[in-house]
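Just so you know, UniProt numbering puts 358 at position 358 of the sequence shown, and the rest follows in order with no gaps.
All residues carry an ideal CB built from backbone N, CA and C; glycine is no exception.
In what follows, a single structure is set out as structure tokens and then discussed.
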Amino acid sequence: MDHGRPTSRPGGTPFLAKVLASCLMGGLTLGTVSLASAQKPAGPKPATADSALSPAQRLRAAYALSSSAKTYDDFAQIIEHCERALGTATGDTEKYAKQLVSWAYNKRGELYAQEAETLVADGEERKANELDNLALDDFETAIAHDPERFQAIHNRAVSYVLFGKLDQALTDLDQVIKLAPKHPSAHFNRAEVQRKLGKLEAALADYTVAIDTKTGDVEALARRGEVQMLLDRYREALGDFNQALRFAPQHQRTLTLRGELHTRLGNWEQASLDYAAAVKLLPGDTRALRGAAWLLATCPADTIRSSELALASAKKAADLESAVGKPSVATLDTLAAALAATGDFEAAVAAQQDAITAATGADIAVLKQRLSLYKEGQPYRMPTPAVSSEESGSDVPVTTPPKPQPDLTTDAADGLQR
Numbered sequence: 001m002d003h004g005r006p007t008s009r010p011g012g013t014p015f016l017a018k019v020l021a022s023c024l025m026g027g028l029t030l031g032t033v034s035l036a037s038a039q040k041p042a043g044p045k046p047a048t049a050d051s052a053l054s055p056a057q058r059l060r061a062a063y064a065l066s067s068s069a070k071t072y073d074d075f076a077q078i079i080e081h082c083e084r085a086l087g088t089a090t091g092d093t094e095k096y097a098k099q100l101v102s103w104a105y106n107k108r109g110e111l112y113a114q115e116a117e118t119l120v121a122d123g124e125e126r127k128a129n130e131l132d133n134l135a136l137d138d139f140e141t142a143i144a145h146d147p148e149r150f151q152a153i154h155n156r157a158v159s160y161v162l163f164g165k166l167d168q169a170l171t172d173l174d175q176v177i178k179l180a181p182k183h184p185s186a187h188f189n190r191a192e193v194q195r196k197l198g199k200l201e202a203a204l205a206d207y208t209v210a211i212d213t214k215t216g217d218v219e220a221l222a223r224r225g226e227v228q229m230l231l232d233r234y235r236e237a238l239g240d241f242n243q244a245l246r247f248a249p250q251h252q253r254t255l256t257l258r259g260e261l262h263t264r265l266g267n268w269e270q271a272s273l274d275y276a277a278a279v280k281l282l283p284g285d286t287r288a289l290r291g292a293a294w295l296l297a298t299c300p301a302d303t304i305r306s307s308e309l310a311l312a313s314a315k316k317a318a319d320l321e322s323a324v325g326k327p328s329v330a331t332l333d334t335l336a337a338a339l340a341a342t343g344d345f346e347a348a349v350a351a352q353q354d355a356i357t358a359a360t361g362a363d364i365a366v367l368k369q370r371l372s373l374y375k376e377g378q379p380y381r382m383p384t385p386a387v388s389s390e391e392s393g394s395d396v397p398v399t400t401p402p403k404p405q406p407d408l409t410t411d412a413a414d415g416l417q418r
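This is the structure we're talking about:
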């Protein structure tokens with residue numbers, strides 16, 4: 001459906017070990033999203049209409065084009081007709097011209113944004129940034145012509161997130177929800193922004209609206225569960241993860257998150273099964289690799305631990321992150337634990353010191369505690385629960401694995417919906 005176009009003319013452990021061994025020994029690759037390549041942008045076509053055309057005639061021509069417009073050139077022609085009409089149009093004709101040109105700028109901006117996503121998937125970051133800037137310019141122009149075009153305001157919010165302008169994005173999403181309370185993505189996206197800003201209770205409320213609005217929204221359930229886990233509401237988090245997996249049993253992100261939760265609660269076997277499934281579905285996911293490595297390196301149960309596989313998994317996670325930047329604190333911490341599990345305490349100390357250097361806040365104290373163990377030639381082991389949370393019904397964590405920091409701050413527009 002073409003929203004917003006004016007419609008009238010003017011007027012188990014062994015399982016985990018097996019999966020990791022298979023993936024790691026076979027060589028891991030960082031998955032990319034395959035998107036259809038959009039047509040390359042082109043400038044506006046030279047004017048072909050007679051310069052004597054009236055504003056109403058130009059707008060009729062623009063409207064005729066709008067019903068089948070798909071390319072940059074199509075939208076450029078519509079924009080040209082409308083901009084020329086706006087030079088002399090008045091009254092209702094001017095109002096309609098602004099609405100139609102606003103629609104066209106917004107649609108062209110969406111094309112730029114879609115092609116930018118394709119370029120990112122292909123590793124063309126510089127070109128993608130250029131198109132993202134063009135998209136933002138078009139969304140800005142669309143809003144200038146029609147300040148209540150909520151589709152363009154919503155698109156601008158997503159663009160703002162890409163550029164790290166979270167406060168501006170939040171302001172835009174507030175406006176979208178005022179103008180269109182039932183917008184299919186606004187509450188989810190506002191929840192994502194609130195989460196990135198650390199406003200977890202507000203994020204929780206928006207995820208709940210998104211879930212209530214769209215039955216079976218697996219992404220919203222998974223994200224709400226993640227926020228519940230960050231707020232130490234483990235029972236609620238597990239409920240969200242279980243519900244998401246009932247709708248989509250192979251939802252990789254949810255399997256990874258539930259693996260983290262089971263690790264926190266001391267449900268080692270269930271954690272190993274979830275991580276195995278997650279790694280099998282997406283062998284290049286650093287979060288799943290890191291979680292599996294942590295469990296295999298630090299679990300107090302001998303039947304779970306596998307130091308060699310833990311190290312291979314942790315190294316692969318670090319390599320994948322290094323390919324696009326620097327390894328996260330959580331990954332360095334996990335790598336150090338895996339090195340210590342194999343008995344390489346010198347390398348473990350070096351990796352842990354790197355983690356401490358990159359860390360901030362309260363995390364440093366925990367990292368230093370593990371560093372002291374490695375300096376003494378001792379591996380780190382998670383605490384052993386007297387009774388597993390599955391048996392006791394408790395949702396009190398027995399351990400806190402390394403925090404997956406990139407998922408709260410550096411994942412930019414990850415998960416946002418246009």
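Residue i lies in the alpha helix (DSSP H); which residues open and close that run?
i: L134; result: 125-145
i: P55; result: 55-66
i: A203; result: 200-213
i: V158; result: 150-162
i: Q250; result: Per DSSP, Q250 belongs to no alpha helix (DSSP H) and is neither H nor E.
i: M229; result: 218-230
i: Q352; result: 345-358
i: R190; result: 186-196
i: L335; result: 329-341
i: D73; result: 72-86
i: A104; result: 91-121
i: A365; result: 363-375
i: residue 425; result: Nothing about residue 425 can be reported from this structure: the residues present for the chain run from 1 to 418 only.
i: A314; result: 307-322
i: D174; result: 166-179
Quick one, are the C-beta atoms of residue i and residue j less than 8 Å apart?
i: L281; j: Q252; result: yes
i: P379; j: A340; result: yes
i: residue 431; j: A97; result: There is simply no residue 431 to check, as the chain begins at 1 and stops at 418 in what is shown.
i: L166; j: L204; result: no
i: S159; j: F139; result: yes
i: A336; j: A355; result: yes
i: G225; j: N155; result: no
i: F247; j: L261; result: no
i: Q257; j: A220; result: Going by the sequence as given, residue 257 is Leu instead of Gln. No; because the gap between Cβ atoms is not below 8 Å, this pair is not in contact.
i: A104; j: I78; result: yes
i: V161; j: L416; result: yes
i: Y234; j: R264; result: yes
i: A277; j: L255; result: yes
i: P300; j: T384; result: yes
i: R190; j: I211; result: no
i: A69; j: K107; result: yes
i: residue 430; j: Y374; result: Because residue 430 is not part of the residues shown, which for the chain are 1 to 418, the question remains open.
i: G238; j: L200; result: For the record, residue 238 in the displayed sequence is Leu; it is not Gly. No.
With distances taken Cα to Cα, identify the nearest neighbour of residue i among the options.
i: F75; options: R84, A350, A62; result: A62
i: Q175; options: A338, L221, L119, R149; result: R149
i: L371; options: A362, G361, A350; result: A350
i: T342; options: A312, L230, Q369, F247; result: A312
i: S54; options: K326, Q168, D73, R84; result: R84
i: V101; options: C82, L111, Q151, A116; result: C82
i: Q151; options: N267, T298, L173; result: L173
i: L245; options: P147, G164, D217; result: D217
i: D137; options: K368, F163, T118; result: F163
i: V279; options: E308, A314, C299, V120; result: A314
i: A180; options: A347, I153, N129; result: I153
i: D73; options: Q99, K95, E94, L111; result: L111
i: H145; options: Q99, K182, R126, L119; result: Q99
Check whether the Cβ of residue i lies closer than 8 Å to any Cβ atom in chain D.
i: Q270; result: No chain D appears in the structure shown, which is made up of a single protein chain.
Would the beta-carbon of residue i be found less than 7 Å away from any heavy atom of the ligand NAP?
i: P379; result: Because no ligand of any kind appears in the structure shown, any question about the ligand NAP cannot be addressed here.
Check your understanding: Do the stretch 263-280 and the stretch 291-308 make contact, defined as three or more Cβ pairs closer than 8 Å?
Key -> yes
Check your understanding: Can you list, in chain order, the stretches of the alpha helix (DSSP H) that have 4 or more residues and sit fully within the stretch 242-296?
Key -> 252-265, 268-281
Review point. Per the contact definition of three or more C-beta pairs closer than 8 Å, is the stretch 308-324 in contact with the stretch 288-299?
Key: yes
Exercise for review: Determine contact between the stretch 82-91 and the stretch 127-138, defined as no fewer than three beta-carbon pairs at a distance below 8 Å.
Suggested key: no
Check your understanding: Do the stretch 326-333 and the stretch 356-370 meet, that is, are 3 or more Cβ pairs less than 8 Å apart?
Key -> yes
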